[in-house]
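Structure first, then comments.
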DNA sequence: AGTTCACACTTGACAGCGTTAGGTGAAACC
DNA sequence: GGTTTCACCTAACGCTGTCAAGTGTGAACT
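Residue numbers (my numbering), protein chains in the order written: chain D, 1 to 209; chain X, 1001 to 1209.
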């Protein structure tokens, strides 16, 4: 049972690793990433803090691993929209799905798109996978719309137009997250604002004739 | 010379306080707020870290004071646009001025609008001052446009429309700040993207007839 | 079967952080 | 001249992420 023993050993290590990830995820979501300490994660799974360092180089690597899974989930959400023929209508649906993801996963979204991203790419090309690359989907949808002549002629740059659409939805969600407690601003429900924002942006971007 | 001595004493204390603010500002801008330590600020002005606590309750209070000045500066930038008659054109100019402020003061903008704002209001009503309340300017400009019948009828809510315009510009700047180093995205110059974004939003929001 | 080895995990510590209780010394007052 | 005030310092606390060195258990080899 050599291979069996070895396999069990590796499986146990993988289980511990997963336990760390699960505990970290839960604490990150409830307490926030900054406020979550390595000691708290370790305590939650009954290990000492240093044990974590046998599975992850440091706290950033642990965060990056969870973050990677989140980017993959966002890519899946985009992928599930499927192939809607009209590239403009597909654009609208992607925007709404993006907002849903952002508003359903506050902690994850915060870390993915509202913090400086130095450590976003632990192993380079994971994001080049076609079913996970949300920005790639966006870019392709925009490009198709441009090629189909659906957008105004001055909006010929796919990257710029993609960044405009992305920023529009991101702006509403992120501003809401950072300032929703601000008493001087009476926030409208973000999902409705996103819907209006997408309407406004698409109306202003598509060719009118 | 009783009052003179007293006055000098108070002036010296005020000078020390200002020195702390200046040192903190500079370190915040160069190293970032999180990375700037109370010890570093104190060292820069030749005091011990505890001296700072005689002038500010804690680090957050020090940050809040600087932040307050920044909000005031943003309000001034909006105020300087002046009274352009056409509320839509004024809206466009406000958006551009806002983007200029955001891109000229990265560190300040980051803290003002890209971090959780629990400590934004140290003494409540400072932001209600008419020449500092940038959101108030925005809201008023949007309201004037709605009342003049310049915007489409489905965009009748001033708060929602204001939040859309704000989010559009903020989205571009903030996304650029958090992801400009991302190699998978070829960022367009943010000022140009902001200009296009404003064009798109205004075209999509104004009544066409 | 007995020895060695690998290695997941622990112990105990380090440097640095924000912050604080208590002390010091010079200037301001009576 | 004695007392008080108060801006500032000394020394420390508890917290953080992290690491060098040790431990013990179970697989592996002779």
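A virtual CB, placed ideally from N, CA and C, is assigned to each residue, including glycine.
Inter-stretch contact at 8 Å, needing at least 3 Cβ pairs: the segment 152-168 of chain D / the segment 52-62 of chain D
no
Cβ closer than 7 Å: which chain X residues qualify as neighbours of residue 203 (chain D)?
1204
Classify residue 178 (chain D): buried if its beta carbon has 16 or more other beta carbons within 10 angstroms, exposed otherwise.
buried
Going along chain X, which residues have a C-beta under 9 Å from residue 175 (chain D)?
1113, 1163, 1166, 1167, 1170, 1171 and 1174
Contacts around residue 146 (chain D), its chain only, beta-carbon distance under 8 Å, and the 5 residues preceding and following it disregarded:
155, 156, 158 and 161
Between residue 1072 (chain X) and chain D, is the shortest Cβ-Cβ distance under 8 Å, so that the two count as touching?
no
Along the segment 1024-1049 of chain X, what residues have a CB closer than 8 Å to any CB found in chain D?
none
Can residue 207 (chain D) and residue 151 (chain D) be called in contact, C-beta distance under 8 Å?
yes
What are the boundary residues of the alpha helix (DSSP H) that residue 1181 (chain X) is part of?
Segment: none, residue 1181 (chain X) is in no alpha helix (DSSP H) and carries neither H nor E.
Pick out whichever of X:1195, X:1176, X:1170 and X:1051 has its Cα sitting closest to the Cα of residue 1282 (chain X).
For residue 1282 (chain X) there is no data in the structure shown, the boundaries of chain X being 1001 and 1209.
Taking residue 1137 (chain X) as the reference, give the member of X:1175, X:1110 and X:1087 with the closest Cα.
X:1087
Please decide whether residue 146 (chain D) counts as near chain X, where near means a Cβ-Cβ distance under 8 Å.
no
Taking the C-alpha atoms as reference points, what is the distance between residue 1116 (chain X) and residue 8 (chain D)?
45 Å
In terms of residues, what are the limits of the alpha helix (DSSP H) holding residue 1142 (chain X)?
1134-1147
Supposed close pair residue 1203 (chain X), residue 204 (chain D) - CB separation, criterion 8 Å:
4 Å
Taking one C-beta from the segment 98-113 of chain D and one from the segment 22-39 of chain D each time, how about it: are there three or more such pairs within less than 8 Å?
yes
Under a three-way DSSP split, which group does residue 1047 (chain X) fall into?
coil
For residue 1151 (chain X), which three-state DSSP category applies?
strand
Limits of the unbroken alpha helix (DSSP H) element including residue 1087 (chain X):
1087-1104
Just how far apart, CA to CA, sit residue 100 (chain D) and residue 1133 (chain X)?
31 Å
Beta-carbon within less than 6 Å of residue 1091 (chain X)'s beta-carbon, same chain only, minus the 5 sequence neighbours each way: which residues are those?
1141
Need the endpoints of the alpha helix (DSSP H) that residue 1190 (chain X) sits in, please.
1190-1205
By DSSP, does residue 1030 (chain X) sit in helix, in strand, or in coil?
helix
Decide if residue 186 (chain D) is buried, meaning its Cβ has at least 16 other Cβ atoms within 10 Å, or exposed.
exposed
With C-beta atoms as the reference, is residue 171 (chain D) less than 8 Å away from residue 1171 (chain X)?
yes
For residue 29 (chain D) and residue 103 (chain D), believed in contact at Cβ under 8 Å, the rounded distance:
Actually they are not in contact, since the Cβ atoms of residue 103 (chain D) and residue 29 (chain D) sit about 14 Å apart, beyond 8 Å.
Going straight from the alpha carbon of residue 139 (chain D) to that of residue 114 (chain D), what length do you get?
21 Å
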